[in-house]
Every structure is written in structure tokens, then in C-alpha cells.
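Student: Here you go, one structure.
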């Protein structure tokens, strides 16, 4: 396995080398070099901000090709609750699930079911009482990666419980093994994903050594395949079992309301999350027990691979309640589920911003950065391809850039050279006379 | 090549939503130096508390940070009213913050006591009517010498 896999990638053909993405990246992970954007792998958290801001659609999320499901004998679709909210009419969950199944899956599994169990597990975890306060939800992988590289002191606060997708893949596969007798490696679980961050999780998982999710299919792509099927669908199967508690995880705020925690906040949008995490690090939000944080505005419904406007999608949650005949749940709560839901691999801080392993060397480099920065125009124009003058100064010291990448510095140099040439020219013509 | 880094920050006294700027830039610098998360956290909280004090009581001031391979020294100074009774000010829960500040949830009398908890050394120099400077030292990698 590659050390850094990222779902967020660049379509070099479409990239114009403008500065939109470098300016909007929350971890300063993008540079424009040789006229094209480049992602610094160890800093990218797959939040998808660049996908959202790129006016040329050059940033994209790599997802698995739909045909990959046919590599497996038994195919399971893991359907995120945000999928239910993508359709213009009142969401009929049974119809949506039946439609997805008709696309070629043997089984559909509602991730909302797993979300309910994650809520239950989180409640139990809170009851056990052995944790750093306030707890931070582990549902959004982009936020976990953000904490891992930028907020080291908050690493112990992240709830060490698997995201609903991962637990869902385990439950669905266990069920398939028992019911069909098919070998585990012949069962494929595919997540219908609203975002890039979750795609990355199947290759570089959080909390487990290797993910049970075999691939991710873009929600947008599946939506297009599903529309014609839904048009002609008659007599949908009774497949919906998730309750509103799990389905509401699609929205920001859903997870905390399911937890019934009194002192919780739900924050959405990566920049808002960063602000709150800063305050948590300064211990200024000490009366809060639980922080639900999603990188996308609105929560998962705001993901870069969704179809519907996230604000519209959010309002549809209420109509789900009176529209669907929810059958009783199939999974009872048990210690086995609790054990399966716990992280097997702890979260570790990654010092990606470190300038040097040796402290004194790092200090010398930092000093040089300050010196270079002082000489730069400090306009943060981005023309050099770095998001700010500070970032350029850092890149120069790291050996990724030179001072004349700065257009102002270049102009200065050209002026100086021109003056010198004029002087030289004067000297040589003087000799010839 | 010198072996210390000096940083200077002005603390704006008019707007206390801006308090925390020095703390967050220092955090960034310490991250670049590869300082351990625990130490970064202690420095960040201490600087933040001192910044808040500066804003609430003294109408602003400045923070000076000197980092060398052994320790991080932070001095937050102001030209405010000074502290008449330092011993009392160091007591948890003792506060002279005005009501307007307390209503916002600040001024709980935990500023200086918190700084004391999170730093290895704290020295307060204060002159009533002239100002206060809080000198804090945090040792890197537990290099605290026996004094």
C-alpha cells in the first residue's frame, strides 16, 4: 500500500494554474508549480475545499469505477443517509434502496443503522468515563486528519470509535457470511460516498489496520444511474430499517442530537471547525462536553460529491419521518458490537510542519524564513504559487522554491540586471571608441 | 547563526476577540520547530491567559518570546494599573475583572493560577499605576535544571 493515498487529485489538463485552490486550502497543502497545482501529500486532509472552489473543475475526487463491484461474487452497497436526501420528491427510502439493489447489488446496507450503533457505543464510552473532555466526534475523517496534523493536543479528545461506514461494512459482511456461506474475500462492500475524505479512508483507514470497505462509488455517479431505474420502479421491497436517529447523521447536528448530550456544539465548515479547535486548544470552551464537527457546510449533505443543494437536502429530513414505514431494527445492541466499534489503532500526531529533526537546525531554518519573509512584499498575492509570503519563505528554506518565484522580487532583479547591463554596455562602447 | 529565536507580538487592547493571536502564532512556530505537543499546549494556554489579562485589565500590551534549545521564555507586559496584591491575584477564583467581562464568561479568577500550573517558572513584576510584566518559562523536553 502507498504511504499517502489521496482521493483529492488534479486533472492537469483542466488546471489553469490560478491561485483559487492554494488560497482556500486550510492546511496550505497546495502549490502552483510550473503552471499547475500540486498537492503536498502529507499535508492534504482530503477535505475537498479545493474541489468546491476550483472554477475549472480541475480538482476532483478519485472514486472507484462502478464496474469494480463485479469483481466480487457477493456485492453489498453501503448507503449513506445523505443519499436519501438527494431526490426532488419526498424521499422514499424503500424505493431508493430497491433501486440501488437493482443496479447489480445483492444486498443494500443502510449506514444509518450503523450510525445508531455508533451512537450507542459513544454513549457507553462516555459512561465508562475514561476520556479527555470535551470529546470530539470521529465521524468526519477530514476533521480527524486535520487534528492529526494541526491540533496535536486534541488527539486524545477524539472519540476512539469507528465511523459508521466501517462498522457498517463489518456488520453487513458478517451477516452475508452467516446467511450465504460465501467466503469473506468474495464479498465486496461498496460505499456510496458523498465526499473524498471517506474514499481516502478505504486506503488509509482511521482506527483500523485495513478497511473492510472494498471501494467507494461517487454519490453523483450513482444518482445518474439510479434516476432511470427509479422512474420505472414498481413495488419497492421493504428494505428500510434505520430510524430517524441514524438518518439524521446526514446533517450537521444529527450526531449530537442523537447523543442527547446537553452541552454539545455542532460545527460545520472547515474554517469554522478550525476556529473552534483553536479555542479548544486554548481551553476557552471548557463548559462543553461534546463537539460534532464536519468539514462540509451542513454536514455530509454538503459533501463535494452530492447532487442536491445542502440547504434543501437538510429540510428533507423532516419529511422522511412521515413518509417511510420504518420496520423494527435488525441488530440488537451487544458487547460484540461495542468491541467491534472500538478503534484498534490509536490516532497519532503527525509532525508534518516540522522544519528539521534537529531542534537547533530547525531554529536556524526558522530564523532564515523570518529573514526571507521580511524581504518579501507581504501582500500574500499568491502569484509565486504559494498561498502566502510566509509559505513562500518556508518553501525556499525547504528547497521547493526560489526567491525569484516572487514576481516582485523578479522585477527587482530584472531592474538591477538591466541597470548593470546598461553600465556594461556603456563601458564596452567606451573602450571601442 | 544564533541559537535563539525572538518573537514579538503586539496585543490589541480594544478588541478582546483578538486575544489569542499571539498564542496561535506561537503555536505555529513551535510546530515548525518540532516541539512536543504537550509543551506546545502548555505554552499556548499560558500565553493565551496572559494575553487575556492584558486585554481585560490593561488595555493591551505586548508579548515577547525567546526560544532557545533548552527553554521557551515568554514575557507579557503592559502599562496597565498594576497588581496591588500579587499573592491574592495568584489565588484561584480571585478576580477584579469588571462585571461586563464576567458576563461574557471571562474573568473567573483562573488566569494567573492557570499560568502557574502550566509553566515551570513564573515571575510577576508589577508596579501599581505603572504596569505589570509576567515572565513565564517552560522547559523543552523536561530539561528543567535543579535550581
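Chains as they are written, first to last, in our numbering: chain X, 1 to 433; chain R, 1 to 147. Cβ coordinates follow ideal geometry from the N, Cα and C atoms, glycine included.
#1: In chain R, what lies closer than 9 angstroms to residue 378 of chain X by C-beta?
#2: Tell me where the beta strand (DSSP E) around residue 14 of chain R begins and ends.
#3: Given that residue 354 of chain X touches chain R, what residues does it touch there, using C-beta distances under 8 angstroms?
#4: Spatial neighbours of residue 123 of chain X within its chain, please: CB distance less than 7 angstroms, with the 5 preceding and 5 following residues excluded, ordered by chain position.
#5: Determine which residues share a DSSP beta bridge with residue 203 of chain X and list them.
#6: By a C-beta neighbour count over all protein chains shown, 10 Å radius and 16 as the cutoff for buried, is residue 88 of chain R buried or exposed?
#7: If the cut-off is 8 angstroms on Cβ atoms, which residues from the segment 151-166 of chain X count as contacting chain R, listed in chain order?
#8: Drop a sphere of 10 angstroms on the beta-carbon of residue 212 of chain X, count the other beta-carbons inside from all chains shown, and report buried for 16 or more, exposed for fewer.
#9: Verify the contact flag: residue 189 of chain X, CB atom, against every heavy atom of the ligand MG, threshold strictly below 6 angstroms.
#10: Can you tell which of X/221, X/243, X/285 and X/39 has the C-alpha that lies nearest to the C-alpha of residue 133 of chain X?
#11: I'd like to know whether the C-beta of residue 44 of chain R is nearer than 7 angstroms to at least one C-beta of chain X.
#12: Under 7 angstroms, Cβ to Cβ, is there at least one residue of chain R near residue 366 of chain X?
#13: Suppose only complete runs of 3+ residues qualify. What are the beta strand (DSSP E) ranges in the segment 190-265 of chain X, listed by chain order?
#14: Which residues of chain X have a Cβ atom closer than 7 angstroms to the Cβ of residue 149 of chain R, listed in chain order?
#15: Please report whether the beta-carbon of residue 20 of chain R lies at a distance below 7 angstroms from any beta-carbon of chain X.
#16: When the cut-off is 7 angstroms and only beta carbons count, does residue 270 of chain X lie next to chain R?
#17: Specify the secondary structure class of residue 179 of chain X as computed by DSSP and reduced to three states.
#18: How would you label residue 271 of chain X, buried or exposed, when you count the other beta carbons within 10 angstroms and need 16 or more for buried?
#19: DSSP state of residue 110 of chain X, grouped into three classes?
#20: Return helix, strand or coil for residue 448 of chain X, following the three-state DSSP convention.
#21: Should residue 98 of chain R go down as buried or exposed, given a rule of 16 or more other Cβ atoms within 10 Å for buried?
#22: With DSSP as the reference, identify every bridge partner of residue 126 of chain R, one or two as the case may be.
#23: List, in order along the chain, the chain X residues whose C-beta lies closer than 7 angstroms to that of residue 24 of chain R?
#24: Give me the Cβ distance between residue 55 of chain R and residue 6 of chain R, rounded to the nearest whole Å; I'm assuming they're in contact under 8 angstroms.
#25: State the DSSP-derived secondary structure class of residue 146 of chain R, mapped to helix, strand or coil.
#26: Determine whether the beta carbon atoms of residue 402 of chain X and residue 383 of chain X lie at a separation below 7 angstroms.
#27: Under 7 angstroms between beta-carbons, which chain R residues line up against residue 349 of chain X? List them in chain order, please.
#28: Alpha carbon to alpha carbon, what distance is there between residue 165 of chain X and residue 293 of chain X?
#29: Closer than 7 angstroms by beta-carbon distance: list the chain X residues that pair up with residue 3 of chain R, in chain order.
#30: Given this structure, state the Cα-to-Cα distance separating residue 89 of chain X from residue 19 of chain X, to the nearest angstrom.
#31: Determine whether the Cβ of residue 113 of chain R lies closer than 7 angstroms to any Cβ atom of chain X.
Tutor: Put simply:
#1: Chain R residues near residue 378 of chain X: none, gap ~15 angstroms exceeds 9 angstroms.
#2: No beta strand (DSSP E) contains residue 14 of chain R, which DSSP labels as neither H nor E.
#3: The contacting residues are 31, 32, 33 and 34.
#4: So the list reads 259, once near-sequence residues are dropped.
#5: DSSP lists no partner for residue 203 of chain X.
#6: Burial is judged here by how many other beta carbons sit within 10 angstroms of a residue's own beta carbon; residue 88 of chain R has fewer than 16 and is exposed.
#7: When C-beta distances to chain R are compared with 8 angstroms, the residues of the segment 151-166 of chain X below that value are 152, 153 and 155, in chain order.
#8: That one is buried.
#9: Ligands in the displayed structure: none, and consequently the ligand MG is not present.
#10: By alpha-carbon distance to residue 133 of chain X, the top candidate from X/221, X/243, X/285 and X/39 is X/285.
#11: So yes, residue 44 of chain R belongs to the interface.
#12: With 7 angstroms as the cut-off, residue 366 of chain X counts as an interface residue toward chain R.
#13: List check, beta strand (DSSP E) in window: 215-218.
#14: Nothing about residue 149 of chain R can be reported from this structure: the residues present for chain R run from 1 to 147 only.
#15: With 7 angstroms as the cut-off, residue 20 of chain R counts as an interface residue toward chain X.
#16: Under the 7 angstroms criterion on CB atoms, residue 270 of chain X is classed as non-interfacial with respect to chain R.
#17: Per DSSP, reduced to three states, the secondary structure at residue 179 of chain X is helical.
#18: Note on residue 271 of chain X: under 16 other CB atoms within 10 angstroms of its CB, so exposed under the neighbour-count rule.
#19: Reduced to three states, the DSSP call for residue 110 of chain X is strand.
#20: Absent from the structure is residue 448 of chain X, since the part of chain X shown begins at 1 and ends at 433.
#21: It counts as exposed.
#22: Partner(s): R/132.
#23: Residues of chain X passing the Cβ test: 278.
#24: About 23 angstroms; that fails the 8 angstroms criterion.
#25: Low confidence applies here, because residue 146 of chain R scores a pLDDT of 46, under 50, leaving its location unreliable and the question unanswered by this model.
#26: No, these two residues do not count as a Cβ contact at 7 angstroms.
#27: Residues of chain R passing the Cβ test: 37.
#28: Cα to Cα, the separation comes out at about 17 angstroms.
#29: Within chain X, the residues near residue 3 of chain R are 360 and 363.
#30: Taking the straight line from one Cα to the other gives about 39 angstroms.
#31: So no, residue 113 of chain R is outside the interface.
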